[in-house]
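K.L.:
I'd like to ask you about the structure that follows.
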Amino acid sequence: MTADTPARAAQKARTRKALLAGARALTARGEEVTVAAAAAEAGISKATAYRYFSDPAALAAEAGLDVAVASYEEVTAQARDLRGRLAAISLYFYELACDHEPAFRQFLARNLDASLTPARERTRRGARRVAMYERALAEDGTTPRPLRDRLVRELSMATGAEAMIALFDIVGASREEGREAVLGVVEAVCDRRLGPRGTPAP
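Residues in the sequence shown are numbered consecutively from 2, following this note's numbering.
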């Protein structure tokens, strides 16, 4: 995984936030949400906007979800160490998906539809969980970059709406059973990559 510099990542996050805010402003006025209209509302070029969103329905769906996300500080406030912060992030995004299940299912469906449009390049989603994992690992300061990348990949695939759908639809788990499964994956990944609690990382 090739990571952006912190400055570049921050700029991308600001651009995405501006586009989402533009989409919400259009919705609030009862206007149609299009990528071009959201870009104009945010003062961003249409070409730039299409690098973030190829489908207006996906833009509208993510704009509606964006306001529900807590800050990194709020998510990790009760955690005492790196493993605790990684677990808190994983559980937060799982619970967020459960709390807004219909909206997340619609959002995923719109993104899948957009990814099948041959004329447009597939765009990366907001990746909010990725940003939080990366921040937690960067703040810890003891994990080398390749290991950080592996941790982010492995943890990211085991939470959020995708994990919720797999747990609910495929294995028939309850919400609490899903929560236990997410936490179990976090513990297993951390044990493998960071070593069991109380031991130095490999």
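Here a beta-carbon is modelled for each residue, glycine too, at the ideal position from N, C-alpha and C.
Note that the structure is predicted; figures quoted are calculated from it, not measured.
Here's the rule I'm using: 16 or more other beta-carbon atoms within 10 Å means buried, otherwise exposed. How should residue 172 be labelled?
P.N.:
exposed
K.L.:
On the criterion of 16 or more Cβ atoms from any shown chain inside 10 Å, does residue 75 qualify as buried, or is it exposed?
P.N.:
Burial is judged here by how many other beta carbons sit within 10 angstroms of a residue's own beta carbon; residue 75 has fewer than 16 and is exposed.
K.L.:
Within this structure, are the beta carbons of residue 66 and residue 37 separated by less than 8 Å?
P.N.:
For residue 66 and residue 37, no; Cβs fall outside 8 Å.
K.L.:
Might you give, ordered along the chain, the residues of its own chain that have their beta carbon closer than 6 Å to the beta carbon of residue 102, omitting 5 neighbours on each side?
P.N.:
Hits under 6 Å: none found.
K.L.:
Going by alpha carbons, who is nearest to residue 6 out of 135, 192, 57?
P.N.:
The residue with the shortest Cα to Cα distance from residue 6 is 135.
K.L.:
Which residues in the same chain as residue 152 place their Cβ atom closer than 6 Å to its Cβ, once the five residues preceding and following it in sequence are excluded?
P.N.:
These residues qualify, in order along the chain: 194.
K.L.:
Counting only the same chain and skipping the five closest in sequence on each side, list residues whose C-beta sits under 6 Å from that of residue 25.
P.N.:
64
K.L.:
For residue 68, does the count of other Cβ atoms within 10 angstroms reach 16, so buried, or fall short, so exposed?
P.N.:
exposed
K.L.:
Applying the criterion that 16 or more other CB atoms from any shown protein chain within 10 Å of the CB defines a buried residue, is residue 49 buried or exposed?
P.N.:
exposed
K.L.:
Rounded to a whole number of angstroms, what is the C-alpha to C-alpha distance between residue 128 and residue 33?
P.N.:
25 Å
K.L.:
Roughly how many angstroms lie between the CA atoms of residue 84 and residue 54, to the nearest whole one?
P.N.:
33 Å
K.L.:
Report back the beta-carbon spacing between residue 1 and residue 23 to the nearest angstrom; my notes put them in contact at under 8 Å.
P.N.:
For the chain, the structure presents residues 2 to 203; residue 1 sits outside this window and is missing.
K.L.:
Using the Cα positions of residue 185 and residue 177, report the straight-line distance between them to the nearest angstrom.
P.N.:
12 Å
K.L.:
Leaving aside the five residues before and after residue 130 along the sequence, list all residues of the same chain whose C-beta is less than 7 Å from its C-beta, in chain order.
P.N.:
Counting only Cβ-Cβ distances below 7 Å, and skipping sequence neighbours, we find 90, 94, 157, 160, 161.
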